[in-house]
Structures are given as C-alpha cells and as structure tokens.
Amino acid sequence: MRILARYAVAGVLALSLAGGGAVVARQAATTVPAEVQAGDYKLDSSHGKITWSVDHLGFSTYYGQFVNVTADLKLDPANPAASTLTATIPLTDVAPNDDRLKAHLQTADFFDTANHPTATFRSVHIMIDPSDPDEATVHGELTLRGVTKPVTMEVEFNKAGPSMGGAYRVGFDGEATIKRSDFGVSYALPAVSDEVKLRIEGEFVKQ
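Take a look at the structure:
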C-alpha cells in the first residue's frame, strides 16, 4: 500500500501581556506549519481512520476501513526531523461492509488475528519538502503478522487550532502503498491485487 500523508503541525499564536506581568496565550486556527504548537498529541480515534483499497478481479476497486486506531504524535516544528509518530491498528476492527469477508479477514489467509491481533507503525525519519512546507515524507516501519517492513507515507498538513470544546488539535491526510505479499498475505493472488493502497485521515489532540 502506498501510504502518503501530509505533515500536520499546529499553531502557537498571538501572545499578549495582561496587567501584572502575566502572559496570556490566545489560540487561533492556522494553516501555516511554522505556527505549530510543539508537544505531545494523541489521535482522536473518532476522527482517525485508515481506508484501504485493492483491485478486485479487474472489475472494481474494493474499499474497506480500519477503525479504532490509536496513535501518538510528538511534534517539533522547529526541528521536524525530531518529530515522531507511532500507531496501533486493531485488525479485528476492520470494516469491509461484508460480514463474511470480515470473518475471513481474521483467518490465517489474511491477518491471522488469533496470533497477531494488531498491526503497528512507527516513524523512523520525517522529512519536510523545502518547496512545500505543508507536505512531509514519513519513513517508517509497519509490522503486520509479525513481519516488519519499511513503509513510506506522504503526509499533507490541513489545519491546526482550537476545535469544538476548545481542545487544540492538528489534522492531516496521508497516503501510502504496500504489497501484502511482503507480509505473508498471498491469498487470492493475482486475482486480488498484491498492492494495497492506504489513505489515512487523522485529527490529533494536544495533551
């Protein structure tokens, strides 16, 4: 699956001095990565999911989703290479819109969730595109069925700032592509494509 995602960083905004010397921070939304608030973030799982797609017998592109993903993001806008991302994907929480397929995906033909109930991702290196600071390339490692392989995501920053309820959050989209055979999933090849495309949507809340 080709996973690319735009780099998301959040804004640290206008400061004003209150009487008595106290510093008061006023938060505002931003679409400028340089205005990010550094710190630790957690994925809002209700606004974070992974959509996957495969070619199905040449007749269609078949889509499904992983939900209830958890992830931790450490943002350092002054030194983006020092930022980190880790994620855990519960493979039993796959939503292919077909109960029989959902059950089949749990078997050793696919995810083998009896032995490997989750997949994990961890970033290794994050690179910002100097020509477009809204975009980043996230080099990382995906572990699925006990097999760890390098994966590259392209990430695009969307927006950062206070949301409903006042929580400060940052949002981004990403894409990546992997080969399922790399992880020992060869069922129905080549009728169902080896390449799996991933689209990631994430909103992270500052802790």
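Quick note on the numbering used here: the sequence shown kicks off at 8 and runs consecutively.
Cβ coordinates follow ideal geometry from the N, Cα and C atoms, glycine included.
Looking at the backbone, the Cα of A102 and that of S170 are separated by about 27 Å. Between the stretch 147-157 and the stretch 113-128, the count of C-beta pairs closer than 8 Å reaches three or more; the two stretches touch. The shortest CA-to-CA distance from P197 to any of L64, D51 and S90 is the one to L64.
DSSP lists no bridge partner for E42. For Y69, same chain residues with a beta-carbon under 6 Å away, outside a window of 5 residues either side, are V61 and H63 in chain order. For the options L205, K213, V212 and Q214, the alpha carbon positioned closest to that of Q72 is the one of L205.
P84 and A167 have their C-alpha atoms spaced approximately 12 Å apart. Around the C-beta of K56, 16 or more other C-beta atoms lie within 10 Å, and the residue is accordingly described as buried. By the Cβ-count criterion, V154 is exposed, with fewer than 16 other Cβ atoms from all chains shown falling within 10 Å of its own Cβ. A distance below 6 Å between beta-carbons, with the five flanking residues on each side excluded, links D136 to the following residues of its chain, in chain order: E142. By the CB criterion at 7 Å, A89 and A78 fall outside the cutoff.
Taking each of G181, G173 and Q214 in turn and checking the Cα distance to A35, the smallest one comes out for G173. Nearest to V74 by C-alpha distance, out of Q113, S200, E42 and D100, is D100.
With respect to K109, Q214 sits apart: the two C-beta atoms are not nearer than 7 Å. Following the DSSP letters along the chain, one finds A110 inside the alpha helix (DSSP H) bounded by residues D106 to L112.
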